[in-house]
Amino acid sequence: MVTVVKKSHKDAKEAELNYNVLDFKENLSLVQVNLKTGRSHQIRVQFASRNIHYTETKDMAKK
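Per the numbering used here, the very first residue in the sequence shown carries number 1065; after that it's consecutive.
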C-alpha cells in the first residue's frame, strides 16, 4: 500500500510533482502534471492526500 507519511517516518521516500491549471469550468480543472520523482501511484496518492479527485485522460493512459 502507498500512503503519504511525514518526512520523519522511517520508511518515508521523497515524491515531488508540479502541476499547472490549464483550464477550469464549474467544479472541474484541466491540469498538466510534471513529475520530478517517479514514485509508484505518485499522482493518485498526492492528490488524494489533498482531497483532490481526478480522472486520467487518454493521453495519460498511453504513457
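Glycine included, C-beta positions come from ideal geometry on N, C-alpha and C.
Owing to the predicted nature of the structure, the values given are computational and were not obtained by experimental measurement.
Q. Can Val-1069 and Ser-1104 be called in contact, C-beta distance under 7 Å?
A. no
Q: Kindly give me the distance between the Cβ atoms of Gln-1110 and Ala-1079, rounded to whole angstroms, as I take these residues to be in contact under 8 Å.
A: 7 Å
Q) Considering only the beta carbon of each residue, do Leu-1081 and Leu-1099 sit closer than 7 Å? A) yes
Q. Based on the DSSP secondary-structure assignment, which residues constitute the bridge partners of Asn-1084?
A. Gln-1096
Q. From what residue to what residue does the alpha helix (DSSP H) around Val-1109 run?
A. 1106-1113
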